[in-house]
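Asks: Position one of the sequence shown corresponds to residue 1 (this note's numbering), numbered consecutively onward.
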Amino acid sequence: MAIADISTLVNLGIRTVNHWIGGRLTASSSGRSGVVWNPATGQAQAMVDFASVEEVDHAVGVAKRAFAEWRATPLSRRAEVMFKLRELVDSNRRRIAEMLTSEHGKTLPDAMGEVARGLENIEFACGIPNLLKGGFSEQASRGIDVYQIRQPLGVVAGITPFNFPAMVPMWMFPSAIACGNTFILKPSEKDPSVSLYVAELLKQAGVPDGVFNVVQGDKVAVDRLLEHPDVKAISFVGSTPVARSIYETATRNGKRVQALGGAKNHMLVLPDADIPMAADAAISAAYGSAGERCMAIAVVVAVGSVADPLVAAIRERMAKIKVGPGLDEAGKDAGNEMGPLITREHRDRVASYVANAASEGATVAVDGRQHDAASNRTGFFLGPSLLDQVQPGMRCYRDEIFGPVLGVVRVDTYDQALRVINENPYGNGVAIFTRDGGAARQFQFDVEAGMVGINVPIPVPVAYYSFGGWKASLFGDLHVYGPEGVQFYTRTKVVTSRWPDPGASQVDLGFPQVR
Ligand code: NAD
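Structural data, given as structure tokens:
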């Protein structure tokens, strides 16, 4: 949107989404802002402040000052705050979900699912006293004990994508804060409001001012976080080119980094699979949230004779998907199954893959551009598309489309299917559909991806495991949330301790030995 249009929005008195620093809303004075759209109507609904370098520095300073007291806060108190936060998020699920639907466009039931999966991570953080227990070795040498403690890093930052504006921050901040760090969230500028609501809930839960902060913005804010000497760690989730560059820059600046990138998730269907079940799963995982999930199934790899009946079963189901706004005019669940895409530009980019597919040699089995919702609505809608006879060299196969477009690659054997999947540069999630336990186990052994589903199309790990892909889907060593999240947000210190009898003390310049 042009600057002139932005000033029109200001004149119309349109809502502005501010920062949250030091426990309160903080308006920006940077003079820069972005537009928050309502994807279901195609109308601008708010503006969001874009932080300046000075505003990021201010937030980091506030978080740094809060750190000393917060890291000294007893574990039991930190756990208590997480329990309280759990209650608050639980009792406000619907409110959070409505905010998600309004700014992201996903349907209300889908948004409720996002909140539920985010909540799991708060529940995990309630167990922080247990999670931070270290090891203790009595009598490592005569009169000497050795033990390991886990300490927080300091100020840590999370930079998050548009597609899960509540859940992905919840992958990060509950563990980060429970471990004793202070946190700065830089949410996606496309759907920023929920971050402020969550900040209010954290405050109500008893999180002291300055422990959780939100800076809204774009690359300017991100770049400053990456170089600020007082930011000790960066958790990033977003597209692969940005993830790679964040990893390179932040590690060069001496920070600990986990940068989760994009995906192209495959669903391998063997000839013995239950076809209706595989078709249901493909539909749910490809078109849920309009395909804007990093764990969406983007490619079905159909082995042998399963391809024709599977494609037929998928097509039959596609015709029944209800596409439309998540909320009706009264703000209630509109009863649709698939909402709009996040922006007009993104919708047009996704549609361009369908437009080009035939010239690449694929068969456009269902063209989502011709769906009623795509032509009759003002929002950023596109119907579901199905591309058959896709080959790995094609652009529609290579690129992460991140929309409601499912490709079908046909192969003759399991080995060919495995080669296709393992040669793909991404390695986030993958699924196999089969009735053969031995084949599934072999696949789990062979496949190069971080998260595997066996007859489960979207294998997002529960919160007491950790989430992360392989290859171009993750830069860094530790996955996000769960036990690896606790490792990421703490550093270990090993203490070697002796309480000797002063009478037995003597000088010994030799290197210490244990026996
Ligand atoms: P994005 O990479 O465009 O943006 C992510 C974040 O980075 C946002 O906060 C954005 O403001 C910021 N950003 C964007 N460009 C930047 C730049 N050049 N320099 C610094 N910061 C920049 O991603 P998106 O479009 O918001 O989200 C969709 C992508 O996220 C998809 O690729 C999807 O696969 C991926 N994703 C991955 C996971 C995962 O767990 N691996 C989860 C969710 C989403």
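Think of the CB as a built atom: it goes at the ideal place given N, C-alpha and C, for glycine as much as any other residue. None of these values were measured; they are calculated from a predicted model.
Just checking: is the beta-carbon of residue 254 within a distance shorter than 7 Å of some beta-carbon in chain B?
Replies: Absent from the structure: chain B. Only one protein chain is present.
Asks: Tell me the rounded alpha-carbon separation between residue 444 and residue 271.
Replies: Position 444 of the sequence shown, counting from 1, holds the residue named residue 444. Position 271 of the sequence shown, counting from 1, holds the residue named residue 271. Taking the straight line joining both Cα atoms gives about 18 Å.
Asks: Whether or not the segment 53 to 61 and the segment 213 to 220 are in contact is what I'm after, with contact meaning three or more pairs of Cβ atoms, one per stretch, closer than 8 Å; do they touch?
Replies: Yes: the two stretches touch, three or more of their Cβ pairs being nearer than 8 Å.
Asks: Indicate, with yes or no, if the ligand NAD has a heavy atom lying under 6 Å from the CB of residue 475.
Replies: As a first step, residue 475 is located in the sequence shown; it is residue number 475 there, counting from the start. Answer for residue 475: no, Cβ out of range of the ligand NAD.
Asks: Could you check whether the Cβ of residue 238 sits closer than 6 Å to any heavy atom belonging to the ligand NAD?
Replies: Translated into positions along the sequence shown, residue 238 becomes position 238. Indeed, a heavy atom of the ligand NAD lies less than 6 Å from the Cβ.
Asks: Counting only runs that start and end within the segment 143 to 200, where is the beta strand (DSSP E) found for 3 or more residues in a row?
Replies: Complete beta strand (DSSP E) runs here, min 3: 144 to 152, 155 to 159 and 182 to 186.
Asks: What do you reckon, are the CB atoms on residue 447 and residue 430 nearer than 7 Å?
Replies: Along the sequence shown, one-based indexing puts residue 447 at 447. Along the sequence shown, one-based indexing puts residue 430 at 430. The answer is yes: Cβ separation under 7 Å.
Asks: Between residue 337 and the rest of its own chain, which residues show a CB-CB distance below 6 Å, the 5 nearest in sequence each way excluded?
Replies: Position 337 of the sequence shown holds residue 337. Same-chain partners within the cutoff: 321 and 322.
Asks: Quick one: Cα of residue 198 to Cα of residue 125, how far?
Replies: Translated into the one-based positions of the sequence shown, residue 198 becomes position 198. Translated into the one-based positions of the sequence shown, residue 125 becomes position 125. Rounded to whole angstroms, residue 198 to residue 125 spans 16 Å at the Cα level.
Asks: Given a threshold of 16 other Cβ atoms within 10 Å of its Cβ, counted over all protein chains shown, does residue 332 qualify as buried or as exposed?
Replies: On the sequence shown, residue 332 is found 332 positions in, with the first residue counted as 1. Residue 332 comes out exposed.
Asks: I want to check one thing, is the minimum distance from the CB of residue 263 to the heavy atoms of the ligand NAD below 6 Å?
Replies: Sequence index remark: in the sequence shown, residue 263 carries index 263 (1-based). It does: the Cβ of residue 263 is within 6 Å (strictly closer) of some heavy atom of the ligand NAD.
Asks: Return the chain-ordered list of same chain residues with a C-beta closer than 8 Å to the C-beta of residue 255, the five sequence neighbours on each side being excluded.
Replies: Within the sequence shown, the letter at position 255 stands for residue 255. Cβ within range, chain order: 226, 231, 232, 233 and 234.
Asks: Quick one: what's residue 234 bridged to in DSSP?
Replies: Looking up residue 234 in the sequence shown gives position 234. According to DSSP, residue 234 bridges with 157 and 257.
Asks: CA-CA distance, residue 218 and residue 345?
Replies: One-based indexing of the sequence shown puts residue 218 at position 218. One-based indexing of the sequence shown puts residue 345 at position 345. So the two alpha carbons sit approximately 17 Å from each other.
Asks: Taking the alpha-carbon positions, what's the residue 353 to residue 266 distance?
Replies: Sequence index remark: in the sequence shown, residue 353 carries index 353 (1-based). Sequence index remark: in the sequence shown, residue 266 carries index 266 (1-based). Roughly 18 Å separates the two Cα atoms.
Asks: Within a Cβ cutoff of 8 Å, which residues of the same chain sit near residue 307, ignoring the five residues on either side of it in sequence?
Replies: Here residue 307 refers to the residue found at position 307 when the sequence shown is read from its first residue. These residues qualify, in order along the chain: 408 and 410.
Asks: Could you please give me the residues that DSSP links to residue 430 through a beta bridge?
Replies: If you number the sequence shown from 1, residue 430 lands on position 430. Answer by DSSP bridge pairing, in chain order: 266 and 452.
Asks: Can you tell me where the beta strand (DSSP E) holding residue 406 begins and where it ends?
Replies: What you label residue 406 is simply residue 406 of the sequence shown in a count that begins at 1. From DSSP, the beta strand (DSSP E) with residue 406 extends over 405 to 411.
Asks: Which runs of the alpha helix (DSSP H) fall wholly inside the segment 350 to 407 and span at least 4 residues, in chain order?
Replies: Here the runs fully enclosed are 372 to 376 and 395 to 398.
Asks: Can you give me the start and stop residues for the beta strand (DSSP E) that residue 44 sits inside?
Replies: Translated into positions along the sequence shown, residue 44 becomes position 44. Note, residue 44: beta strand (DSSP E), 43 to 49.
Asks: Taking 6 Å as the cut-off, is the C-beta of residue 321 nearer than that to any heavy atom in the ligand NAD?
Replies: As a position in the sequence shown, residue 321 is number 321, starting the count at 1. No.
Asks: Closer than 8 Å is the cut-off here; do at least three beta carbon pairs connect the segment 453 to 468 with the segment 430 to 439?
Replies: Touching, yes.
Asks: Beta-carbon within less than 7 Å of residue 210's beta-carbon, same chain only, minus the 5 sequence neighbours each way: which residues are those?
Replies: As a working note, residue 210 is residue 210 in the sequence shown. For residue 210, where only same-chain residues beyond five positions count, the Cβ hits under 7 Å are 22, 23, 62, 63, 65, 66 and 182.
Asks: Within 6 Å: the Cβ of residue 242 and any heavy atom of the ligand NAD?
Replies: In the sequence shown, residue 242 corresponds to position 242, counting from 1. Checking every heavy atom of the ligand NAD against the Cβ of residue 242, one is found closer than 6 Å.
Asks: Around the C-beta of residue 3, are 16 or more other C-beta atoms found within 10 angstroms, so that it is buried, or is it exposed?
Replies: Residue numbering aside, residue 3 sits at position 3 when the sequence shown is read from its first letter. In this prediction, residue 3 has a pLDDT of 43, which is less than 50 and means its spatial position is unreliable; nothing more can be read from the coordinates.
Asks: Leaving out five residues before and five after residue 508 in sequence, what residues of the same chain have Cβ atoms less than 8 Å from its Cβ?
Replies: Stepping through the sequence shown from its first residue, residue 508 is reached at position 508. Within the same chain, residue 508 has no close Cβ partners at all.
Asks: Do you know how far the Cα of residue 147 is from the Cα of residue 495?
Replies: Taking the first residue of the sequence shown as 1, we reach residue 495 at position 495. Taking the first residue of the sequence shown as 1, we reach residue 147 at position 147. About 5 Å.
Asks: Excluding the five sequence neighbours on either side, which residues of its own chain have a C-beta within less than 7 Å of the C-beta of residue 304, listed in chain order?
Replies: Position 304 of the sequence shown, counting from 1, holds the residue named residue 304. For residue 304, where only same-chain residues beyond five positions count, the Cβ hits under 7 Å are 271 and 412.
Asks: Suppose you measure from the CA of residue 158 to the CA of residue 309; what does that come to, to the nearest Å?
Replies: Numbered from its first residue, the sequence shown carries residue 158 at position 158. Numbered from its first residue, the sequence shown carries residue 309 at position 309. For residue 158 and residue 309, the distance between alpha carbons rounds to 44 Å.
Asks: Is the number of C-beta pairs between the segment 71 to 78 and the segment 289 to 303 that are closer than 8 Å three or more?
Replies: Result no; under three Cβ-Cβ pairs closer than 8 Å.
Asks: Are the Cβ atoms of residue 449 and residue 482 separated by less than 7 Å?
Replies: Here residue 449 is taken as the residue at index 449 of the sequence shown, counted from 1. Here residue 482 is taken as the residue at index 482 of the sequence shown, counted from 1. Not in contact: residue 449 and residue 482 (Cβ atoms no closer than 7 Å).
Asks: Please tell me whether residue 291 and residue 40 are closer than 7 Å, where the distance is taken between their beta carbons.
Replies: Reading the sequence shown from its first residue, position 291 is the one you call residue 291. Reading the sequence shown from its first residue, position 40 is the one you call residue 40. Not closer than 7 Å, so no.
Asks: Is any heavy atom in the ligand NAD found nearer than 6 Å to the beta carbon of residue 159?
Replies: Numbered from 1 along the sequence shown, position 159 holds the residue referred to as residue 159. At least one heavy atom of the ligand NAD is nearer than 6 Å to the Cβ of residue 159, so yes.
Asks: Pull up the distance between the alpha-carbon of residue 33 and that of residue 296, whole angstroms please.
Replies: Your numbering for residue 33 matches position 33 in the sequence shown. Your numbering for residue 296 matches position 296 in the sequence shown. Residue 33 and residue 296: Cα-Cα distance of roughly 31 Å.
Asks: Do you know whose CA, among 386, 493, 98 and 53, lies nearest residue 311's CA?
Replies: Within the sequence shown, residue 311 is the residue found at index 311, counting from 1. Per the Cα distances, 386.
Asks: Can you tell me whether residue 27 is buried or exposed? The criterion is at least 16 other CB atoms within 10 Å of its CB, across all chains shown.
Replies: Translated into the one-based positions of the sequence shown, residue 27 becomes position 27. Under this definition residue 27 is an exposed residue.
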